[in-house]
Ligand SMILES: *Cc1c(COP(=O)(O)O)cnc(C)c1O
């Protein structure tokens with residue numbers, strides 16, 4: 004087995020154990036491998052190990068990898084690309100050209116830009132609305148109190164398919180503060196259910212805390228370093244506005 008395959012198996016075992024603790028079916032939890040900073044060559048290893056979806060924080064980095072590995076939009080056997088980081092409106096068109104899903108929607112301006120780009124191609128896009136549950140990383144994500152009206156306005160965009168909510172927990176070693184973020188996102192799922200008459204998917208939990216996220220109801224966990232190894236870059240470069248707690 005390759006190192007990536009060994010790590011994938013270990014992550015799957017952690018998912019199964021957390022699901023068992025919470026009395027949940029492990030197949031109701033989707034593992035989204037996060038491949039930012041990982042070169043395309045190593046992604047081929049993950050593909051050989053059965054990975055079909057890759058989450059990337061930056062659209063240009065993702066577009067370069069999609070250029071090398073293909074995209075599900077034109078080849079069903081190629082990877083599905085999921086953008087999990089902040090997107091500038093002027094990159095909406097690029098994102099729509101290769102990405103299958105977007106998990107960091109947090110403004111109507113961006114929704115409108117995505118809608119315009121999608122209308123030109125005739126396709127739709129799965130989106131998660133990002134919520135700021137920590138009160139810390141104030142740059143991105145909606146404030147919880149603004150989620151309900153936002154979701155109602157989002158219904159105007161026919162090309163966007165809202166599937167759920169996404170959050171980054173507080174950056175703190177205090178596990179209870181991290182759990183409080185996950186609980187808040189789950190509670191905010193009621194706003195989504197009100198707006199769309201179905202329960203949301205909840206994208207929450209990363210390498211260090213996805214076990215707790217699953218116990219608190221995550222249906223999508225975004226896991227990078229536990230699969231691909233430690234990143235050489237400082238994460239502050241990917242999360243501007245990050246304030247360590
Ligand atoms: C990098 C990243 C992750 C994964 O973090 P790891 O510590 O590598 O598991 C999850 N979500 C987002 C938005 C990220 O940018």
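In the working numbering, the protein residues as written are 4 to 248. We put the CB at the ideal spot given by N, CA and C, even for glycine.
To which residues of the same chain is residue i closer than 7 Å at the C-beta, ignoring the five residues directly before and after it?
i	result
residue 8	52
residue 178	215
residue 2	Because the chain is modelled from 4 through 248, residue 2 falls outside the range shown and cannot be assessed.
residue 21	214, 217 and 218
residue 81	72, 73, 74 and 75
residue 212	172 and 181
residue 33	222 and 223
Do residue j and residue i have their beta-carbon atoms positioned less than 8 Å apart in this structure?
i	j	result
residue 97	residue 62	yes
residue 163	residue 188	no
residue 31	residue 222	yes
residue 85	residue 145	no
residue 172	residue 210	no
residue 166	residue 225	no
residue 182	residue 219	yes
residue 2	residue 169	An answer regarding residue 2 cannot be provided, because it is not within the stretch 4 to 248 covered by the chain.
residue 37	residue 99	no
residue 102	residue 65	yes
For residue i, is the classification buried or exposed, using 16 other Cβ atoms within 10 angstroms of its Cβ as the cut-off for buried?
i	result
residue 104	buried
residue 59	buried
residue 28	exposed
residue 176	exposed
residue 42	exposed
residue 135	buried
residue 247	The predicted model places residue 247 with a pLDDT of 46, which falls under 50 and marks its position as unreliable; any figure quoted below should be read in that light. Exposed, since its Cβ has fewer than 16 Cβ neighbours within 10 Å.
residue 70	exposed
residue 74	buried
residue 155	exposed
residue 203	buried
residue 12	exposed
residue 198	buried
What is the DSSP secondary structure of residue i, reduced to helix, strand or coil?
i	result
residue 57	strand
residue 249	With the chain running from 4 to 248 in the structure shown, residue 249 is simply not present.
residue 212	coil
residue 28	coil
residue 1	The shown model of the chain, from 4 to 248, leaves out residue 1, and the question about it has no answer.
residue 201	coil
residue 170	coil
residue 106	strand
residue 143	coil
residue 315	It is not possible to answer for residue 315, since the shown part of the chain is limited to 4 through 248.
residue 137	coil
residue 90	coil
residue 113	helix
residue 158	coil
Just to confirm my understanding: we take residue i, look at its own chain, exclude 5 residues before and 5 after, and list those with CB closer than 6 Å. What are they?
i	result
residue 5	48
residue 40	234 and 236
residue 180	173
In chain order, what residues of the same chain have a beta carbon less than 8 Å from the beta carbon of residue i, not counting five sequence neighbours either side?
i	result
residue 232	6 and 10
residue 127	121, 161, 162, 163 and 164
For my contact list, residue i and residue j are in at a C-beta cut-off of 8 Å; report their separation, rounded to the angstrom.
i	j	result
residue 108	residue 131	7 Å
residue 191	residue 150	6 Å
residue 83	residue 56	4 Å
residue 92	residue 113	6 Å
residue 95	residue 123	So it is not a contact: roughly 11 Å between Cβ atoms.
For ligand 3, is there any heavy atom lying closer than 7 Å to the beta carbon of residue i?
i	result
residue 10	Summarising the ligand content, the structure contains ligand 1 and does not contain ligand 3.
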